[in-house]
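Written out below as structure tokens is the structure these notes cover.
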């Protein structure tokens, strides 16, 4: 789970703001241990764990794709229980899904249309899409995400894998979110693209809560102010990203404490 030298990942951790999204007594599936969680303004929180630990289940609950087995959520102090992604988006909760090839990138569309898809109505005049408005937004996101391309009307398939991933992430950063959930945002990209994406996530987090779900601990260390460990669909560890005890984190990830099975 450790891909490179973690000493290179030095972050300035700001003081977190007020809670935006709060979870109380949430059980991600029947029989799972309930947990509480606060996501605060200006803070990047990473959740790490093995495949099957429950990261996808957490993303699904937050984005209205599934209901928790128990518990309640509040968003900006109001009850939050979305029954669909449309409802979640309407309340400012966005999800960057994992696996850009299967779930994000539309090969038949150009870069601009791939970037505008979730918010196409913002660029429409009646039944027609304003190509000027769409292209303006796309040009802004190309600059901000550092997407290397000739123009926003190029096919998205002309981009490298890292630049396609920047499109996948940039799509959901084109509009202001209250909560941005990113499920494996660094999957299948090189180190430079990963750092570019991570830097952009951190640079834009001031007015929202940001949750990054990653299997690789080094990715969590590079991007997060706070690192949570998920095991068997429950939180088993919480760490401020300073003087991190990686041995302890690994034991929590694998479910082993003090050298004995948990």
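In the UniProt record's numbering, the protein residues as written are 1 to 262. Cβ coordinates follow ideal geometry from the N, Cα and C atoms, glycine included.
Checklist entry - Between residue 223 and residue 253, is the Cβ-Cβ spacing less than 9 Å? => result Taking the chain shown and counting its residues from 1, the one referred to as residue 223 is at position 223. Taking the chain shown and counting its residues from 1, the one referred to as residue 253 is at position 253. In this structure, residue 223 keeps its C-beta atom at 9 Å or more from the C-beta atom of residue 253.
Item to check | Residues bridged to residue 110 (per DSSP) | outcome: Here residue 110 is taken as the residue at index 110 of the chain shown, counted from 1. 155, per the DSSP bridge assignment.
Checklist entry - So what does residue 267 bridge to, in DSSP terms? => result No answer is possible for residue 267: it lies beyond the span of the chain, which begins at 1 and ends at 262.
Next on the checklist: Once the 5 residues before and after residue 260 are set aside, which same chain residues still bring their CB inside 7 Å of it?
Outcome noted: Sequence index remark: in the chain shown, residue 260 carries index 260 (1-based). At residue 260 the pLDDT is 42, less than 50, meaning the model places this residue with poor confidence and gives no usable figure here.
Next on the checklist: Rounding to the nearest angstrom, what Cα-Cα distance links residue 258 and residue 250 in this structure?
Outcome noted: Sequence index remark: in the chain shown, residue 258 carries index 258 (1-based). Sequence index remark: in the chain shown, residue 250 carries index 250 (1-based). Unreliable placement is indicated for residue 258, whose pLDDT of 48 sits below 50; no coordinate value is reported for it.
Item to check | CB contact flag (residue 41, residue 199, <9 Å) | outcome: In the chain shown, counting from the first residue as 1, residue 41 sits at position 41. In the chain shown, counting from the first residue as 1, residue 199 sits at position 199. No, these two residues do not count as a Cβ contact at 9 Å.
Checklist entry - Going along the chain, which residues of its own chain have a beta-carbon closer than 6 Å to the beta-carbon of residue 168, five neighbours each way excluded? => result For the purposes of this step, residue 168 is identified with residue 168 of the chain shown, where counting begins at 1. Only 100 and 104 meet the Cβ criterion.
Checklist entry - Does DSSP put residue 65 in a helix, a strand or coil? => result The sequence position of residue 65 within the chain shown is 65, counting from 1. In the structure shown, residue 65 sits in coil (DSSP, three-state: anything other than H, G, I, E or B).
Next on the checklist: Looking only at its chain, what residues have a beta carbon closer than 8 Å to the beta carbon of residue 188, apart from the 5 residues adjacent to it on each side?
Outcome noted: Reading the chain shown from its first residue, position 188 is the one you call residue 188. If you ignore the 5 residues before and after residue 188, its C-beta comes within less than 8 Å of the C-beta of 100, 161 and 165, all in its own chain and listed in chain order.
Checklist entry - Out of 98, 80 and 20, which has the shortest C-alpha to C-alpha gap to residue 55? => result Within the chain shown, the letter at position 55 stands for residue 55. Nearest C-alpha to residue 55: 98.
Checklist entry - Roughly how far, in whole angstroms, is the beta-carbon of residue 31 from the beta-carbon of residue 71, given that I think they are within contact range, below 8 Å? => result By one-based count along the chain shown, residue 31 stands at place 31. By one-based count along the chain shown, residue 71 stands at place 71. With a Cβ gap of about 14 Å, residue 31 and residue 71 do not count as contacting.
Next on the checklist: According to DSSP, is residue 196 part of a helix, a strand, or is it coil?
Outcome noted: Within the chain shown, residue 196 is the residue found at index 196, counting from 1. For residue 196, the three-state secondary structure derived from DSSP is helix.
Item to check | Alpha carbon of residue 62 to alpha carbon of residue 82, nearest angstrom | outcome: Numbered from its first residue, the chain shown carries residue 62 at position 62. Numbered from its first residue, the chain shown carries residue 82 at position 82. Cα-Cα distance, rounded: 8 Å.
Item to check | Rounded separation between residue 191 and residue 227 - CA only | outcome: Here residue 191 refers to the residue found at position 191 when the chain shown is read from its first residue. Here residue 227 refers to the residue found at position 227 when the chain shown is read from its first residue. In this structure, the straight-line span from the alpha carbon of residue 191 to that of residue 227 is close to 20 Å.
Next on the checklist: Taking the straight line between their C-alpha atoms, what separation do you get for residue 211 and residue 182?
Outcome noted: Along the chain shown, read from residue 1 onward, the residue named residue 211 stands at position 211. Along the chain shown, read from residue 1 onward, the residue named residue 182 stands at position 182. So the alpha carbons of these two residues sit roughly 6 Å apart.
Next on the checklist: Quick check on the DSSP output: the beta strand (DSSP E) that includes residue 20 runs from which residue to which?
Outcome noted: As a working mapping, residue 20 is identified with position 20 in the chain shown. From DSSP, the beta strand (DSSP E) with residue 20 extends over 19-27.
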